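Colleague: Structure incoming, see below.
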Amino acid sequence: MQAYRQSWEQDGFFLIPGLLGKEALKDAMEELGGIYPSGAEYAARLRDSRSGAASSTSGGSAGKGRLFMQNPEQFAGQIDFPWTGEALNRLTVHPRITEIAADLLATDDLRIYQAQLWAKYTGATDYEQPLHVDYSSHTLLVPKKKSRPQQVEMFLYLTDLPEECAPTRLVPRNLTRDMPPVPYHVWRGTHPELYKAEVSFPGRAGSLLVYAPDIWHRAVDMTEPEGTRIWMNLSYRVAGTDWLGLQSFQRIAMQPAWQRFVAGSTPRELELFGFPPPGHEAYDEDVIQGLSRRYPGLDVNPWSAALRT
Ligand SMILES: [Fe+2]
């Protein structure tokens, strides 16, 4: 971890190749097959839809490198947590991942604030983006650059990611440290040196890309024939940082997938999503009883025991 921490502090990003092995991902991969088509299946659908209509859903190669808001099709493959698959949901609290986040942010009181699946397919649209920073939508402030960051973004690769399937391009922080907080995008014409300095991290499924929200980066277009790239966006923050965030978990709390996830989680895992720890003043006997009705199967003993003491 020491080498990774050095890259984190120096460059603002690193890849851990094969953090999760095939066995650890087996069930999640099966679930993924029920959510997304394979690259070949998607290509066949695309051929069918194009032979049946003059226009298609594809942006093709027109407008290369448009801003995301000008090309919402780039986000068509995004699905928010919780997913229909229990094994996929459990990856959000996988200890090998949360330990890395806690270590980098130097906290044992961690929150998750982004959990999304994302799939891209060759030919679906033009995925090329300009270099940009994510803090534009991950914080109300601007990031701290000179001291330890309070949030971290991660991509958990769920398919093998060769160069042809367009791994994200990133620019080392030493070249961007003095960039002003706005604009959030820069173009090749005005900042050619940044585009020349881009690095990318191809890797196998189970690898974890870690980067900070002040890191300039971008997506590029998929070139592998019938290619697909699927990954999980996971972002964590230090507790108590209300100005950082992206998703609200309260708004999904009525979903059966969330209720099953809660029932299968420990109090510590639930703290990641904002549950106060057992013993917190948010709980009394009524609340604990209510939790057991709201989340059938949840073992409320840890909460009850803390209340008694
Ligand atoms: Fe981004």
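Quick note, the sequence shown lines up with residues 18 to 326 if you use my numbering. No residue lacks a Cβ here, since even glycine has one placed at the ideal position from N, Cα and C. Bear in mind the structure is a predicted one, so any value in this text is a computation, not a measurement.
Taking 8 Å as the cut-off, decide whether the C-beta atoms of GLY29 and TYR228 are in contact.
Modeller: yes
Colleague: How about ALA274 and THR109: do their beta carbons lie closer than 8 Å?
Modeller: No, these two residues do not count as a Cβ contact at 8 Å.
Colleague: Taking the beta strand (DSSP E) that ASN250 belongs to, which residues open and close that run?
Modeller: 245-255
Colleague: When DSSP labels each residue in this structure, what does PHE278 get in the three-state scheme?
Modeller: In the three-state reduction of the DSSP assignment, PHE278 falls in the helix class.
Colleague: Is LYS137 helix, strand or coil by DSSP?
Modeller: strand
Colleague: Measuring CA to CA, which of ASP125, MET171, GLU145 and GLN267 is closest to TRP204?
Modeller: Of the listed residues, the one whose Cα sits closest to TRP204 is GLU145.
Colleague: Please classify THR115: does DSSP put it in a helix, a strand, or coil?
Modeller: helix
Colleague: May I ask whether a heavy atom of ligand 1 can be found less than 7 Å away from the beta carbon of ASP151?
Modeller: yes
Colleague: Between the C-alpha atoms of GLY50 and GLN95, what's the straight-line distance to the nearest angstrom?
Modeller: Going by C-alpha positions, GLY50 is about 15 Å away from GLN95.
Colleague: Which runs of the beta strand (DSSP E) at least 3 residues long sit entirely within the segment 29-76? Give them in chain order.
Modeller: 30-33
Colleague: In the DSSP assignment, find the unbroken beta strand (DSSP E) run with LEU225 in it and report its ends.
Modeller: 225-228
Colleague: At what residues does the beta strand (DSSP E) containing LEU173 begin and finish?
Modeller: 168-174
Colleague: Can you tell me whether HIS234 sits near ligand 1, meaning its C-beta is under 7 Å from at least one heavy atom of the ligand?
Modeller: yes
Colleague: In the DSSP assignment, what residue or residues form a beta bridge with LEU127?
Modeller: VAL255
Colleague: Can you tell me the Cα-Cα spacing of PHE266 and TYR152, whole angstroms?
Modeller: 20 Å
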